[in-house]
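Engineer: So for the sequence shown, the numbering used here puts the first residue at 1; every next one is plus one.
Using N, Cα and C, we set each Cβ at its ideal position, and we do this for glycine too.
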Amino acid sequence: MAGRSKIEWTDSTFNPWVGCTKVARGKGAPSACDFCYAEKWAKRSGQVEWGNHSRRRTTDAYWRSPLSWNGRASAFQAAYRRRQRVFCASLADVFDNQVDPAWRADLFSLIRTCDQLDWQLLTKRPQNILKMLPPDWGDGYPNVWLGTTTEDALAYKQRVPFLLDVPAAIHFVSYEPAIGPIERLVVDGRCPDWVIIGGESGVRSDRFRPTNPQWVRDAIIECCRVGAAPFLKQWGSYKNNPLVVEEGLIESQAIDIDPPENGKGGGKLDGVLWREFPEVKSRNKQASVLRLRGARNASKGLGAIYAGR
1 MAGRSKIEWT
11 DSTFNPWVGC
21 TKVARGKGAP
31 SACDFCYAEK
41 WAKRSGQVEW
51 GNHSRRRTTD
61 AYWRSPLSWN
71 GRASAFQAAY
81 RRRQRVFCAS
91 LADVFDNQVD
101 PAWRADLFSL
111 IRTCDQLDWQ
121 LLTKRPQNIL
131 KMLPPDWGDG
141 YPNVWLGTTT
151 EDALAYKQRV
161 PFLLDVPAAI
171 HFVSYEPAIG
181 PIERLVVDGR
191 CPDWVIIGGE
201 SGVRSDRFRP
211 TNPQWVRDAI
221 IECCRVGAAP
231 FLKQWGSYKN
241 NPLVVEEGLI
251 ESQAIDIDPP
261 ENGKGGGKLD
271 GVLWREFPEV
281 KSRNKQASVL
291 RLRGARNASK
301 GLGAIYAGR
């Protein structure tokens with residue numbers, strides 16, 4: 001649950017507790033939670049009962065892991081010329097209603113102490129963020145990135161305004177699994193700084209929910225238009241890969257051109273591996289929208305890549 005992460009957009013994962021309840025969307029609408037990988041992990045491991053049950057706090061020894069990373073931050077920064085990113089939490093939701101508030105207070109105390117790490121807090125409950133933040137949050141901890149999951153346009157419109165209402169060093173969106181288009185990124189004149197995009201993976205063929213490559217293409221074009229950094233994590237399956245869907249290649253041909261090393265199901269779009277990160281220009285950034293050097297650089301090539309689209 002800790003250490004080096006296989007998730008392409010982070011370095012390490014930290015789970016202060018494990019367990020979560022799926023977020024229902026009502027009226028049978030598909031949800032990002034439908035085929036939750038963390039729920040599958042819970043069933044395999046037997047460490048916690050998923051759903052409306054007690055959460056399990058992880059061990060004190062495990063909680064010391066970020067302290068160790070923070071102590072080695074100088075070496076990490078010297079090696080990679082950037083700060084270490086920590087995803088919290090892959091097996092829980094920091095802003096879950098059913099979590100003991102004392103645990104959450106302990107987590108934010110740890111985050112304050114580990115100020116040489118950039119903490120990526122991702123939630124499906126952005127409406128809870130403001131009321132669950134510590135009293136000293138102010139304009140945001142300079143080492144905390146706040147994000148929410150949005151699987152389609154409706155989820156984006158419902159969740160992102162709550163996210164952007166909270167001051168943060170970075171606001172980000174995880175558009176994964178992408179099971180519908182998200183259309184425009186700007187909401188009430190505001191937009192996230194970073195958009196992670198991914199197709200669904202790890203589901204049975206009879207449960208497969210496709211990601212249309214054009215949804216992803218439109219999202220990346222929109223990112224570059226508004227100055228958000230696009231990060232295409234994976235297609236999830238070669239059934240989604242545009243080399244198969246749009247160009248008619250068979251899977252083995254697509255694998256040769258866009259191998260799994262680029263992400264599950266490949267990770268390229270129109271010959272480009274879109275792996276941009278947001279740049280925090282100031283560790284004291286206010287709640288204004290941050291414009292990103294990586295996205296600006298990416299947008300310079302849009303004319304050539306997407307001419308006539």
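Based on DSSP bridge pairs, tell me the residues matched to aspartate 139.
Structural biologist: BP columns for aspartate 139 are empty, so no partner.
Engineer: Rounded to whole angstroms, what's the CA-CA distance from aspartate 100 to threonine 21? Just pull it up for me.
Structural biologist: 14 Å
Engineer: Mind checking aspartate 93: buried by the 16 CB within 10 Å criterion, or exposed?
Structural biologist: buried
Engineer: Which one of Val203, Pro16, Pro126 has the shortest CA to CA distance from tryptophan 63?
Structural biologist: Pro16
Engineer: Whole angstroms is fine: what's the gap from leucine 164's alpha carbon to phenylalanine 95's?
Structural biologist: 15 Å
Engineer: Taking the straight line between their C-alpha atoms, what separation do you get for leucine 342 and isoleucine 255?
Structural biologist: This structure cannot settle anything about residue 342, because the visible part of the chain is limited to 1 through 309.
Engineer: Helix, strand or coil: which one does DSSP assign to glycine 303?
Structural biologist: Unreliable placement is indicated for glycine 303, whose pLDDT of 46 sits below 50; the coordinate value is still reported in the next sentence. DSSP places glycine 303 in helix when its eight states are reduced to three.
Engineer: So, under 8 Å CB-CB, valine 166 and leucine 146 are touching, yes? Tell me the CB distance rounded to an integer number of Å.
Structural biologist: 6 Å
Engineer: Please give the ranges of any beta strand (DSSP E) in the region 140–188, keeping only runs that are unbroken, at least 3 residues long and fully inside the region.
Structural biologist: Listed in chain order, they are 144–149, 170–175.
Engineer: Return the residue from the list Pro135, Trp119, Lys157, Val144 that minimises the CA-CA distance to glycine 180.
Structural biologist: Residue Lys157 holds the alpha-carbon nearest to the alpha-carbon of glycine 180 among Pro135, Trp119, Lys157, Val144.
Engineer: In its own chain, which residues sit with a C-beta less than 8 Å from the C-beta of glutamate 314, not counting the 5 before and 5 after it?
Structural biologist: Residue 314 is absent from the model: the chain starts at 1 and stops at 309.
Engineer: Per DSSP, what kind of secondary structure is arginine 82 in: helix, strand or coil?
Structural biologist: coil
Engineer: Out of Asp115, Leu107, Leu154, state which residue places its alpha-carbon closest to the alpha-carbon of leucine 133.
Structural biologist: Leu107
Engineer: With DSSP run on the structure shown, which of helix, strand or coil describes leucine 107?
Structural biologist: Helix.
Engineer: Span of the beta strand (DSSP E) holding leucine 117?
Structural biologist: 117–123
Engineer: Under the DSSP definition of a beta bridge, which residues are partnered with lysine 268?
Structural biologist: As DSSP reads the structure, lysine 268 sits in a beta bridge with Leu273.
Engineer: Tell me whether threonine 58 is buried or exposed, calling it buried when 16 or more other Cβ atoms sit within 10 Å of its Cβ.
Structural biologist: buried
Engineer: From this set, Leu273, Gly267, Pro135, Glu276, which residue's C-alpha is nearest threonine 211's C-alpha?
Structural biologist: The closest CA to that of threonine 211, considering only Leu273, Gly267, Pro135, Glu276, is found on Gly267.
Engineer: Going by alpha carbons, who is nearest to glycine 71 out of Val173, Asp60, Thr113?
Structural biologist: Nearest C-alpha to glycine 71: Thr113.
Engineer: Around the Cβ of glutamate 261, are there at least 16 other Cβ atoms within 10 angstroms (buried) or fewer (exposed)?
Structural biologist: exposed
Engineer: Using DSSP's beta-bridge definition, name the partner residues of tryptophan 17.
Structural biologist: In the DSSP assignment, the residues bridged to tryptophan 17 are Arg57.
Engineer: Excluding the five sequence neighbours on either side, which residues of its own chain have a C-beta within less than 6 Å of the C-beta of isoleucine 129, listed in chain order?
Structural biologist: Phe95, Val166
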